[in-house]
Amino acid sequence: MKKILLFLFVIFLFLLNSSLVVAQTSQETPKVEIPVQVCGTGSCPQELSDIYSARGEQCVTSVEDFEKDPYRSHLWVEDPEITAQGKSDERARQFL
Numbered sequence: 001m002k003k004i005l006l007f008l009f010v011i012f013l014f015l016l017n018s019s020l021v022v023a024q025t026s027q028e029t030p031k032v033e034i035p036v037q038v039c040g041t042g043s044c045p046q047e048l049s050d051i052y053s054a055r056g057e058q059c060v061t062s063v064e065d066f067e068k069d070p071y072r073s074h075l076w077v078e079d080p081e082i083t084a085q086g087k088s089d090e091r092a093r094q095f096l
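When we follow our numbering, the leftmost residue of the sequence shown carries the number 1, and every step to the right adds one.
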């Protein structure tokens, strides 16, 4: 009986001193400023423009207009990484 109580006491002390939350600090990642490249067409496709106008939203052609009201404005920009990923996925699909 004494061994069981001693064992429970040791476990209690161990749990009392240990923390259940373990965190790790990391360095802040530097922010990289990526220039915005407005899509070559300059605006949204007509189908999306119709949908946006029905919802009281609009397509804009400049970053300044988008930053004024980002909740109701839509800006189409080119993203080379996403374009490359999409082309890669399409090649893989055709290969299969």
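A virtual CB, placed ideally from N, CA and C, is assigned to each residue, including glycine.
Here the structure is a predicted model, which is why all the values come from computation and not from measurement.
The residue among G56, L6, L75, R55 with its C-alpha nearest the C-alpha of E64 is L75. In this structure, E57 lies near R72, with their beta-carbon atoms less than 9 Å apart. Around the beta carbon of F95, fewer than 16 other beta carbons lie within 10 angstroms, which makes this residue exposed.
Only exposed fits V77, as fewer than 16 other CB atoms lie within 10 angstroms of its CB. For the pair F66 and A92, the Cα-to-Cα distance works out to about 35 Å. The alpha-carbon separation between S49 and P30 amounts to approximately 36 Å.
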